[in-house]
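Residue numbers for the sequence shown follow the numbering used here, so the first one is 1 and each next one is one higher.
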Amino acid sequence: ALPPRLKEMKSQESAAGSKLVLRCETSSEYSSLKFRWFKNGNELNRKNKPQNIKIQKRPGKSELRINKASLADSGEYMCKVISKLGNDSASANITIVDAN
């Protein structure tokens, strides 16, 4: 079997207050995958994740949702997939601009 490969994530620009979704998807549905999300190199885990960010895991993918985005949510987001067969990562830049 081949190690999981992540599809490219698209960089996004959005107005403050909007909702964004970043999808971290593998090319096929492996079962025992671990996904980790990072912002500007720091892991987003339960302890240090902003309240407005939710991470949901689905078969073969993980979604990071930003609700009511603020300028502070701008940055480089990276998703890393970890499996017994190997790892891969994908990243995207999120730019939040003032609504007015």
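Where a beta carbon is used, it is the ideal one built from N, C-alpha and C, also for glycine.
Mind checking which residues open and close the beta strand (DSSP E) that includes residue i?
i	result
D88	G86 to V97
L33	Run containing L33: none; DSSP gives neither H nor E here.
K10	Unbroken run through K10: none, as it is neither H nor E.
L22	L20 to E25
Buried or exposed, going by whether 16 or more other CB atoms sit within 10 Å of the CB of residue i?
i	result
E43	exposed
E25	buried
P4	buried
Any beta-carbon of chain C closer than 8 angstroms to the one on residue i?
i	result
K10	This model lacks chain C altogether; it includes just one protein chain.
For residue i, which of helix, strand or coil comes out of DSSP?
i	result
L64	strand
L71	helix
Q56	strand
N40	coil
Which residues in the same chain have their Cβ closer than 8 angstroms to the Cβ of residue i, if we skip the five residues on either side of it in sequence?
i	result
N40	G75 and E76
Using C-beta distances below 6 angstroms, list every residue in its chain close to residue i, excluding the 5 sequence neighbours before and after it, in chain order.
i	result
Q56	E63
Can you give the beta carbon distance from residue i to residue j, rounded, assuming they're within the 8 angstroms contact cut?
i	j	result
S70	M78	With a Cβ gap of about 20 angstroms, S70 and M78 do not count as contacting.
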